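Here is the structure we will look at, set down as structure tokens.
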Amino acid sequence: MPIDATLPYDDNNIFAKIMRGEIPSTKVYEDEWSYAFEDINPQAEIHTLVIPKGQYVSWDDFSAKASAEEIAGFVRAVGEVARMKGLVEPGYRMMANIGAHGGQEVPHLHVHIFGGQFLGPMIAR
Ligand code: AMP
Numbered sequence: 037m038p039i040d041a042t043l044p045y046d047d048n049n050i051f052a053k054i055m056r057g058e059i060p061s062t063k064v065y066e067d068e069w070s071y072a073f074e075d076i077n078p079q080a081e082i083h084t085l086v087i088p089k090g091q092y093v094s095w096d097d098f099s100a101k102a103s104a105e106e107i108a109g110f111v112r113a114v115g116e117v118a119r120m121k122g123l124v125e126p127g128y129r130m131m132a133n134i135g136a137h138g139g140q141e142v143p144h145l146h147v148h149i150f151g152g153q154f155l156g157p158m159i160a161r
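Under my numbering, the first residue of the sequence shown carries the number 37, and numbering increases by one thereafter.
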């Protein structure tokens, strides 16, 4: 079920549990600001999720409230994960779903990184 991205942060969401080590994940990258792991239900040959360690429901919440350091750290982590995966050439797609119309299901900001294949049109019609 898509979430309401205006709700307060829920510390029991599945990605919070992953970061606390309560639920297993296949870790790809971690630094002071961010954690990256493989999506459990990949939608492309490569499908990795990058999340900030701070408690932000969505891109909306993060862009409004995160510190400049958190934002810089997270943006750099997304780029680093794509480079680690060898995706810069021939390219990749990054995506963040926000709220109901965006189809966001997990209420902790995550950027999807898709790659390893031609990804087709930007939005299904
Ligand atoms: P979204 O619809 O943007 O909220 O995407 C949520 C993503 O989280 C989906 O692609 C799911 O496959 C993924 N996901 C859900 N639970 C897990 C989990 N335990 N480990 C890894 N990825 C997960």
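Heads up, the beta-carbon is just placed ideally off N, CA and C, and yes, glycines get one too.
Predicted model, so just to flag it, every value in this text is computed and none were measured.
Within this structure, are the beta carbons of residue i and residue j separated by less than 8 Å?
| i | j | result |
| --- | --- | --- |
| Trp69 | Lys89 | yes |
| Ala118 | Val124 | yes |
| Ile149 | Val114 | yes |
| Asp96 | Ile134 | yes |
| Pro143 | Ile39 | yes |
With distances taken from CA atoms, which of the options is nearest residue i?
| i | options | result |
| --- | --- | --- |
| Gly156 | Gln79, Tyr45, Glu116, Asp40 | Gln79 |
| Thr84 | Ala72, Ser94, Val93 | Ala72 |
| Leu43 | Asp67, Met55, Gly109, Gln140 | Gln140 |
| Ser94 | Phe154, Val147, Glu106 | Val147 |
| Tyr65 | Tyr92, Ile50, Gly109, Met37 | Gly109 |
Using a Cβ-Cβ cutoff of less than 6 Å, which residues in the same chain neighbour residue i once the five nearest sequence positions on both sides are dropped?
| i | result |
| --- | --- |
| Ile82 | Lys121, Gly151, Gly152 |
Between residue i and the rest of its own chain, which residues show a CB-CB distance below 7 Å, the 5 nearest in sequence each way excluded?
| i | result |
| --- | --- |
| Tyr128 | Ala118, Ile149, Phe150, Gly151 |
Worksheet entry | Segments assigned beta strand (DSSP E), at least 3 residues, entirely inside the stretch 130 to 159 | 147 to 151
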